[in-house]
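Residue numbers (my numbering), protein chains in the order written: chain Z, 87 to 250; chain B, 476 to 1156.
All C-beta atoms in this analysis are idealised placements derived from N, C-alpha and C, irrespective of residue type, glycine included.
Predicted model, so just to flag it, every value in this text is computed and none were measured.
Quick notes on the structure that follows.
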Amino acid sequence: MNIFNNLGIVFALLGAVLAALMPGIASAKGVGAAGQAAAGVVTDDPAKFGKVLVLQLLPGTQGIYGLLIAFITLSQIGIMGGSTTPISAVKGLLYLCSCLPMAIVGYKSALDQAKASISSIGLVAKRPDQFGKAMIFPAMVETYAILALLVSILSIGGVGNLHV
Amino acid sequence: MAIEQMKCIRLCGLKKDRKKILEWLQLRGDVEVMKPALHKDSIFKKGNPDLEGQRSTFSQNIKYADDALKILNAETSVKRSPFSSLDGKKEATAKQYESFSAKHDRTVETAKRIKFLEDETAQANADILKIEVQLEALKPWFTLDVPLDFQGTKSTAAFIGTMPNQWTYERIAALLAHNAPQGGPAEAEIISSSPEQTCVFVLCEKEHRAEVEKALAAGGFSHPPIHSEKPPKEQSSALEREISAKKDFILNKKSAICECAKFRSDLEFLADYDSMRYEKYGVINRLMQGKRTFFLFGYIPADKTASFGQELSNKFDAAVEFYDPPKQEEPPVLLKNNNFASPMESVLEAFSLPGIGEIDPSAIMAVFYYFLFGMMLGDAAYGIIMMAITAVLMHKHKHMAETMQRTLRMFFFCGISTTFWGFMFGSFFGDAVGVISKTFFNSSVALPPIWFEPINKPMKLLVFCFLVGLIHLFTGLGINFYQSWKAKKYKDAIYDVVFWYMLVGGLVVLLLSIKSMTGTFGISFTLPSSVGNAAGWIAAIGAIGIVLTGGRSSRNPFKRFLKGLYSLYNITGYLSDVLSYSRLLALGLATSVIASVVNKMAAMAGGGIGGFIGAIIFIVIFLVGHTMNILINMLGAYVHTNRLQYVEFFGKFYSGGGEKFTPFSADCSTKYYQFKEERKS
């Protein structure tokens, strides 16, 4: 039981790391795939670079949100500055749970947003005047990553104030 | 601040004035020329088929001019700043346009000449490459003092060629002795040798030529791939002379091209001049033409009609008539806004221009756009950087293209709002002020927020975001009400807007009167339950109203009721719309937290070392990190502000579908020049 109780910080760090890892991986994949599509468009018409770049970067935000959650967690549990009070196992698990929405939704939404981005890049290649609409389709997917981010932020903040 | 009122225009002129009138129209750029709806009859015909030939000549000339300009740009290195694309078009006058016709043909010739000179240099460059290949092939033969084509003398036969791999004199002698025992005396000389090939010269008596040749062939002998009538050394210096002659030739041609640089502005004018003529001839195709007169139909903004009619009658013998567009026609849309709201026109256009009965929402959008953008970026330093960069660019490039200027102006206003929210939330490069003072000056100076720090009270900001969202959505509904009212659809205004106001507004007030709700959201006040009850009743009336009227398009009462219930289900849409504004909090936090991460990393790296080097490391990490952060978060703020406008806000009142007003104007076709006459208007 004692060992389990010492694992609090490990659980919390696991949560932080997952939040950085999973959306980061998915964003890298997504931005990469969208980049290939964007490069294809630019070979045809270099003037579209600015537009397709915006579309390429859209699936990249999940990685940043993940980083954000990881950072908030790290500073809350005292690995990066902050307090040095020991973290109980329950609290550690709570941090882990708080990180999961961002980790999981971030991962999946980045991949799916990349698909929408690629289609939108195709749209802009054919009809550059429809850029405004093309931008909205991938942005719709991001809503869910933002909601997950929000839940993670709020629960990490809440867990920090709990005395368990 | 609105959609310009459009008038239809009908212009009748004499055919002999046609060219002049069209040129005048083009320079004014006020009229969109329509295809006539009338059918042709015995007097008036549509279009003019033999103009197509001339149009293709024009596009040919435009291509010549563009090519020539491209060549000139490559040859003469004109210094251009990276922002030269912001410079916009140069100014020109109608007089310049008229006088250019004298220069036109000459300039086309210049363009062709530049192209020809470029072709010649390209040809010479290709020749030089060929000669260099020959030179390379001659190199191994330099010590040979007879031409490569040398066949022998009166009584001897000579073989000049290469053998694969490395050969020595002895090996060749052995080869000859072995394969041509009756070959008579022969003399071999190694001209040069390398591991890959050996160049040899073999001399034998003429009568034994065939035998020796066979023997050599057995050793892999082959004739050299090049010919020379002179000894290789002489030949190669002749070739080198040829190369330097070609190089001189190229230099000559290039300087001839550079001399043409003085015609650059003429060439640019040519491209624009013929683009305009191309456009003009396209418009001629849309006229109704008789033997001596022609008719033009189109649209013109109402406020331009007076000056248009006045100037036309002063200049030409032509009749013009303005009238209101017929009801069944949808006139093209031209938006007119002040400097504050006009950047929204591009945002609006990217969605869709206002359709029939819709107002131009630019001004209202502008307020929300800047507000929302600022909340999402929310860092004072970033806002100041945005304002500074856009202000400098706008100040330095006064004549930049209108769309570019609008974009910059949009980011300028967004910068103001970002600065405002940054100070409200106490974010200046994140927590840079505190971090720097702690790391380098060992003090605890920090920038206190004017309002509060979101990271400490995220719930408070979340509630504020919902409030902003509610105001935004209700504004959209309000516009819907106004549009319906203006179209005299009073019932629609009440059914589709007022009931929703009652339902959503009532529910919000009801929630605010429930203690557990206000407690969860950390709201400091709770409305008395009597207010809550009243609000509940109002919401109930709204809901009943929606159920009763939501399905009013159907006649069948049962279907009507079901449809009404379904439209009540739309309340979930409102819920998700309001929740969608939580992105204001999330993105705002993202900016400030990542900025703090950058500061922390910089402080850890720089502060650990300390001193001067530490400060430099700190600055480098600081600059790189914040540059990344500002770019990525500006992108995020831009995309999501657009989304909130397009999806949540427009969803309440706007569907668009208007056609853009595209006048017959010089500015639409020119690339380099803008005519003063247009700039004035």
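Measuring CA to CA, which of the options is closest to residue i?
i: K721/B; options: G953/B, T551/B and K605/B; result: K605/B
i: V1122/B; options: L99/Z, M221/Z and I95/Z; result: M221/Z
i: G1132/B; options: A1010/B, W960/B and G830/B; result: G830/B
i: N917/B; options: F904/B, R493/B and G1085/B; result: G1085/B
i: Q529/B; options: N760/B, H683/B, Q501/B and K737/B; result: N760/B
i: N92/Z; options: V237/Z, Y230/Z, K177/Z and G116/Z; result: K177/Z
i: T645/B; options: V675/B, N1031/B and V621/B; result: The displayed chain sequence assigns Glu, not Thr, to residue 645/B. The shortest Cα separation from E645/B among V675/B, N1031/B and V621/B belongs to V675/B.
i: M481/B; options: E507/B, F519/B, L714/B and S630/B; result: E507/B
i: F956/B; options: G832/B, L868/B and V983/B; result: G832/B
i: A586/B; options: S560/B, A543/B, A612/B and L1110/B; result: A543/B
i: G101/Z; options: N247/Z, I239/Z, A123/Z and L248/Z; result: I239/Z
i: H1168/B; options: I95/Z, Y181/Z and L144/Z; result: The shown model of chain B, from 476 to 1156, leaves out residue 1168/B, and the question about it has no answer.
i: E709/B; options: F888/B, K766/B and K614/B; result: K614/B
i: G420/B; options: I496/B, I1069/B, K871/B and L610/B; result: Because chain B spans 476 through 1156 in this model, residue 420/B falls outside it and cannot be assessed.
i: S837/B; options: Q609/B, F1125/B, K766/B and D620/B; result: F1125/B
i: N799/B; options: A777/B, M899/B, L561/B and V984/B; result: Note that residue 799/B corresponds to Asp in the displayed sequence, not to Asn. The shortest Cα separation from D799/B among A777/B, M899/B, L561/B and V984/B belongs to A777/B.
Using the Cα positions of residue i and residue j, report the straight-line distance between them to the nearest angstrom.
i: T993/B; j: N1045/B; result: 25 Å
i: R588/B; j: L742/B; result: 12 Å
i: R503/B; j: L154/Z; result: 55 Å
i: K772/B; j: M509/B; result: The sequence as given places Phe at residue 772/B; Lys does not occur at that position. Computed Cα separation, rounded: 6 Å.
i: A189/Z; j: A98/Z; result: 13 Å
i: I718/B; j: I150/Z; result: 59 Å
i: S203/Z; j: G136/Z; result: 14 Å
i: R1154/B; j: T1145/B; result: Low confidence applies here, because R1154/B scores a pLDDT of 44, under 50, leaving its location unreliable and the question unanswered by this model.
i: N640/B; j: F591/B; result: 47 Å
i: P172/Z; j: Y1041/B; result: 53 Å
i: D835/B; j: M977/B; result: 26 Å
i: L486/B; j: A876/B; result: 31 Å
i: G243/Z; j: L942/B; result: 22 Å
i: G422/B; j: W975/B; result: What is shown of chain B runs 476 to 1156, which leaves residue 422/B out entirely.
i: G897/B; j: I859/B; result: 10 Å
i: F519/B; j: G488/B; result: 13 Å
i: A793/B; j: E573/B; result: 21 Å
i: T894/B; j: V117/Z; result: 30 Å
i: V1006/B; j: K990/B; result: 13 Å
i: S669/B; j: F634/B; result: 19 Å
i: F1136/B; j: V795/B; result: 20 Å
i: L179/Z; j: G94/Z; result: 7 Å
i: H698/B; j: K681/B; result: 18 Å
i: G246/Z; j: F843/B; result: 35 Å
i: N1008/B; j: N1031/B; result: 35 Å
i: V1157/B; j: V979/B; result: There is simply no residue 1157/B to check, as chain B begins at 476 and stops at 1156 in what is shown.
i: N88/Z; j: A106/Z; result: 29 Å
Would you check if the distance between the CB atom of residue i and the CB atom of residue j is smaller than 7 Å?
i: A746/B; j: I911/B; result: no
i: A841/B; j: M861/B; result: no
i: G944/B; j: Y1049/B; result: no
i: C183/Z; j: L104/Z; result: no
i: E550/B; j: C733/B; result: yes
i: G951/B; j: K1127/B; result: yes
i: G152/Z; j: P109/Z; result: yes
i: T1066/B; j: G853/B; result: yes
i: A1014/B; j: G981/B; result: yes
i: A124/Z; j: V138/Z; result: yes
i: F474/B; j: G1081/B; result: Residue numbering for chain B in the displayed model covers 476 to 1156; residue 474/B lies beyond these limits and cannot be assessed.
i: N1074/B; j: G905/B; result: yes
i: F769/B; j: K963/B; result: no
May I ask you to list the residues that DSSP assigns as paired with residue i?
i: P776/B; result: M481/B
i: E664/B; result: F676/B
i: I635/B; result: F676/B
i: E796/B; result: R485/B
i: F939/B; result: According to DSSP, which records beta bridges pairwise, F939/B is partnered with nothing at all.
i: Y1148/B; result: K565/B
i: L182/Z; result: Paired residues: none, contrary to the question.
i: G830/B; result: Per DSSP, none; premise fails for G830/B.
Would you say residue i reaches chain D, if we count a Cβ-Cβ gap shorter than 7 Å as a contact?
i: M221/Z; result: In the structure shown, chain D does not exist; the protein chains are Z and B.
(request) Would you list, in sequence order, the uninterrupted alpha helix (DSSP H) runs of no fewer than 4 residues that lie entirely inside the segment 858 to 905 of chain B? (result) 877 to 900
(request) Jot down the residue ranges of each uninterrupted alpha helix (DSSP H) in the segment 915 to 978 of chain B, minimum 4 residues, whole runs only, in chain order. (result) Counting only runs of 4 or more, we get 933 to 961.
(request) Could you pull out every unbroken alpha helix (DSSP H) segment of at least 4 residues lying fully inside the segment 94 to 135 of chain Z, listed in chain order? (result) 94 to 130
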